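Heads up, the thing below is written out as structure tokens.
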Amino acid sequence: MNKQDITSIKQLLAVKQNIVIVPHKNPDGDAIGSTLGLYHYLSKGGHNVNVLVPNDYPTFLKWIPGSDMILRHDSQTKLCENLINNADIIFTLDFNAFHRTGNMEAVLSNSNAIKIMIDHHQAPDNYAKFTYSDVGMSSTCEMVYHFMDKLGDTSLLDSNIATALYVGIMTDTGSFRFRSTTSTTHDVIAKLIENGADNTTIHNNVFDRNSYNSLQLLGCALTNLRVVPESRTAYITLSQEELHKYDYKKGDTEGIVNYGLSLDNVVLAAIFIEDKNEGIIKISLRSKGNFSVNEMSRSYFEGGGHTNAAGGKSDLSLKETVEKFISILPSYQKVLNNE
Ligand code: 5GP
Ligand code: MN
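Each number in this note's numbering comes from the position in the sequence shown (counting from 1) with 929 added on.
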């Protein structure tokens, strides 16, 4: 995004616009935080703004200011599609290709609205008139702060914007510990705290509201944890039956994959979660160092993401998916052992 783009966007936003903001399917903390942060910012400019999500998102994000006005495309399809068809501007946040929005792909591709992408995933598609893509960024939330800064609007920061953006920076950086966390990230966090983000409350709201069942599910996942020492790899499985047993709710499996990666000498971790409703195995991959799970996911599991965090899926059974994963490890064994 160059100076000319910024000037053009400033001109666009100088008059009242119908604006739609969309994150990816199965939105996480960064997707919800960035869309709500941008929502509060643009609303202050007098625009007519709506956040439309493809489907449901974790309960531990539902306290963020503005979350009560989020519209869901899967359950409010007509309303969402009307808003998209009447939009002047569509911001797409925290994803890089329309297919990442699931069933919203068609209506978004067909829309004539001006698209503005803000995203930190590798290899962005070329659908947006204005693309603000930076794979070095910790999170889309951090980018929304920089976007406000580029437009000269950080004086508009308030506790709603600051709280929403803090959530996504915190969740996408594993609470400020992943490699993508820079001194600039901490500078931004400082600004957010100065402007009303209550860090202790935010951490409590996101991480300390487990249900008894969700902790039992974690116990089950840890019981299922397996290690492939020669490939410095750990993986976890959760079957539909196990999810059912512990009354699985959206968000309950978030972060479990990181337990595999916390094992000494492990540099690649995976979790395979059976979803009989969608007929797929949802896969999350995490790594340490230079090993690219983005590449692994793109090559074998129809997915993608970042170097150290990626997602994907498999149409095979849970057992067959794990067998496939184990069968590809030897081809990576050398690089995994060089990490
Ligand atoms: P998670 O494993 O937490 O679902 O996702 C990790 C990262 O990979 C996130 O940045 C997410 O946006 C991305 N990701 C997750 N699933 C997919 C997928 O199916 N396709 C692509 N391209 N990226 C994904
Ligand atoms: Mn993100």
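Beta carbons: idealized from backbone N, C-alpha and C, even for Gly. A quick note: this is a predicted structure, and the numbers were derived from the prediction, not measured.
Asked                                                                                                                                                             : Found
Measuring CB atoms only, is the stretch 1193-1204 touching the stretch 962-975, in the sense that at least three cross pairs come out at less than 8 Å?           : no
Any heavy atom of ligand 2 within a distance shorter than 7 Å of the CB on residue 1030?                                                                          : no
State whether the stretch 1122-1130 contacts the stretch 1149-1161, with contact taken as three or more CB pairs (one from each stretch) at a distance under 8 Å. : no
Less than 7 Å between the CB of residue 1069 and some heavy atom of ligand 2, yes or no?                                                                          : yes
If you drop the 5 nearest sequence neighbours on each side, which residues of the same chain put their C-beta closer than 7 Å to that of residue 964?             : 950, 952, 980, 1022
According to DSSP, what are the bridge partners of residue 1241?                                                                                                  : 1212
Can you give me the Cβ contacts of residue 1205 inside the same chain, cut-off strictly under 8 Å, excluding the 5 residues immediately before and after it?      : 1169
Would residue 1257 be called buried (16 or more neighbouring beta carbons within 10 Å of its own) or exposed?                                                     : exposed
Can you give, in chain order, each stretch of the beta strand (DSSP E) that sits fully within the stretch 984-1057 and has at least 3 residues?                   : 1018-1022, 1043-1048
Quick one: which unbroken beta strand (DSSP E) runs of 3-plus residues sit fully inside the stretch 1146-1183? Chain order, please.                               : 1155-1157, 1162-1167
Less than 8 Å separating the beta-carbons of residue 1020 and residue 948?                                                                                        : yes
Between which residues of its own chain and residue 1134 is the CB-CB distance below 8 Å, once the five residues before and five after are set aside?             : 989, 992
When you compare the CB positions of residue 939 and residue 1154, do they come within less than 8 Å of one another, or not?                                      : no
By the DSSP assignment, the beta strand (DSSP E) with residue 977 in it spans what residues?                                                                      : 977-982
Which word fits residue 1242, buried or exposed, when buried means at least 16 other C-beta atoms lie within 10 angstroms of its C-beta?                          : buried
Hey, would you say the C-beta of residue 1217 is under 7 Å away from at least one heavy atom of ligand 1?                                                         : no
What's the gap between the Cα of residue 1008 and the Cα of residue 1220?                                                                                         : 43 Å
I'd like the span of the alpha helix (DSSP H) that includes residue 1195, first residue to last.                                                                  : Unbroken run through residue 1195: none, as it is neither H nor E.
With a threshold of 8 Å, are at least 3 pairs of Cβ atoms found where one atom belongs to the stretch 1207-1218 and the other to the stretch 1227-1238?           : yes
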